[in-house]
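In my numbering, the protein residues as written are 460 to 763.
Ideal placement from N, C-alpha and C gives every residue a C-beta, glycine not left out.
A quick note: this is a predicted structure, and the numbers were derived from the prediction, not measured.
The next block holds one structure in the form of structure tokens; read it before the comments.
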């Protein structure tokens with residue numbers, strides 16, 4: 460597949476352009492019939508709004524710096540103490556959620572400055588930050604300083620995760636496959652699982668919401684039906700349906716299918732009935748979202 464080869468070559472090159480790679484990934488997912496997975500690509504391209512959860516690889520510690528002065532001296536760009544702050548407030552000051560688009564991060568990472576991004580802190584916190592200072596020094600200005608290495612790490616994470624996906628997908632697609640055969644492979648639940656695991660990590664359930672936004676949760680542990688039940692309830696699955704799933708899992712527990720990492724007949728039947736409810740709108744969820752959600756949630760529960 461030419462597009463896939465171009466992506467691999469681009470991502471494994473000496474100076475990859477992630478913006479271009481993500482745009483090609485968007486086209487690739489469309490051709491594979493996996494439009495539900497494009498949410499992450501869109502967020503990386505346009506940035507993460509305040510009401511969307513930021514992936515862990517975009518969250519990191521930053522240094523609090525500032526200008527301090529008294530009646531005789533002024534010192535600029537000094538590291539400010541934070542040990543005296545409460546744990547919650549210190550966390551808000553010294554943690555940064557990078558919501559910028561990939562193109563913005565790529566441009567910032569190219570700078571040679573020791574701090575390439577400064578996020579100002581509100582003046583109302585200057586007095587609190589200046590409390591440990593001696594000799595009548597007080598904080599004149601304060602900010603959070605983000606270094607180029609921290610931004611480069613985000614780019615490396617996105618590049619590595621995307622490359623993991625396209626390399627694994629490449630192994631599934633033979634050169635002589637027709638476009639119809641490629642799409643058949645692309646639309647399988649295994650492809651969605653492959654993407655989710657590569658981008659977000661193992662034992663991760665992807666909930667695809669409105670406007671192609673994705674919320675990532677890591678709450679399901681192998682064999683923990685209570686966590687699975689909680690997640691299903693959040694997606695408006697009825698209690699009676701959840702109880703039916705519990706019975707199905709118990710009935711299939713000792714079967715050959717489960718031992719070979721496949722859903723048993725009772726669980727497969729339950730999934731079909733839930734998808735039918737999505738079709739007739741008795742379960743309020745889009746059919747494409749429902750299929751991927753159930754597959755990933757149950758796969759994670761089984762620990763596959």
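Assigned secondary structure, residue i (DSSP; H/G/I helix, E/B strand, else coil)
i: residue 559; result: coil
i: residue 473; result: coil
i: residue 733; result: helix
i: residue 627; result: helix
i: residue 749; result: helix
i: residue 513; result: coil
i: residue 761; result: helix
i: residue 791; result: No answer is possible for residue 791: the residues shown for the chain start at 460 and end at 763.
i: residue 479; result: helix
i: residue 484; result: helix
i: residue 756; result: helix
i: residue 498; result: helix
i: residue 672; result: Unreliable positioning characterises residue 672 in this predicted model, as indicated by a pLDDT of 31, which lies under 50. The coordinate reading is nonetheless provided below. Here residue 672 sits in coil by DSSP.
i: residue 632; result: coil
i: residue 566; result: helix
i: residue 493; result: coil
i: residue 714; result: coil
i: residue 530; result: coil
i: residue 615; result: helix
i: residue 726; result: helix
The beta strand (DSSP E) enclosing residue i, as first and last residue numbers
i: residue 597; result: 597 to 605
i: residue 518; result: 518 to 520
Residues bridged to residue i (per DSSP)
i: residue 525; result: 537 and 601
i: residue 554; result: 520
Limits of the alpha helix (DSSP H) - the one that residue i falls within
i: residue 577; result: Note, residue 577: premise wrong, no alpha helix (DSSP H); beta strand (DSSP E) at 576 to 579.
i: residue 648; result: 648 to 659
i: residue 594; result: First-last for residue 594: undefined, no H or E at that position.
i: residue 542; result: Segment: none, residue 542 is in no alpha helix (DSSP H) and carries neither H nor E.
i: residue 467; result: 461 to 470
i: residue 685; result: 684 to 693
i: residue 741; result: Element bounds for residue 741: n/a, residue is neither H nor E.
i: residue 680; result: Where residue 680 is concerned, there is no enclosing alpha helix (DSSP H), given that its DSSP letter is neither H nor E.
i: residue 507; result: Premise fails: residue 507 is in no alpha helix (DSSP H) and is neither H nor E.
i: residue 707; result: 698 to 711
i: residue 721; result: Segment: none, residue 721 is in no alpha helix (DSSP H) and carries neither H nor E.
i: residue 585; result: 585 to 588
Residue i, buried or exposed, once every other Cβ within 10 Å from all chains shown has been counted against 16
i: residue 767; result: Because residue 767 is not part of the residues shown, which for the chain are 460 to 763, the question remains open.
i: residue 742; result: buried
i: residue 472; result: exposed
i: residue 556; result: exposed
i: residue 533; result: exposed
i: residue 750; result: buried
i: residue 529; result: exposed
i: residue 711; result: buried
i: residue 474; result: exposed
i: residue 484; result: buried
i: residue 764; result: Limits of the chain in this structure are 460 at one end and 763 at the other, which puts residue 764 out of reach.
i: residue 735; result: exposed
i: residue 680; result: exposed
i: residue 535; result: exposed
i: residue 514; result: buried
i: residue 588; result: buried
i: residue 609; result: buried
i: residue 731; result: exposed
i: residue 527; result: buried
i: residue 766; result: Summary: the structure shown does not reach residue 766, with the chain confined to residues 460 through 763, and so no result is reported for it.
i: residue 570; result: exposed
Closer than 7 Å to chain D by CB, residue i
i: residue 469; result: You won't find chain D in this structure, because it holds only one protein chain.
Proximity test, residue i beta-carbon vs the ligand COA heavy atom, cut-off 6 Å
i: residue 744; result: Among the components of this structure there are no ligands whatsoever, and the ligand COA is therefore not found.
Counting Cβ pairs, one atom from each stretch, are 3 or more of them under 8 Å apart for the segment 629 to 645 and the segment 494 to 505? Short answer: they don't touch.
Cβ contact (3+ pairs, closer than 8 Å) linking the segment 519 to 531 and the segment 598 to 611: yes
Contact between the segment 585 to 595 and the segment 616 to 624: three or more CB pairs below 8 Å? No, they do not touch.
Using 8 Å as the threshold, is the segment 641 to 661 in touch with the segment 487 to 497, meaning 3 or more CB pairs across them? yes
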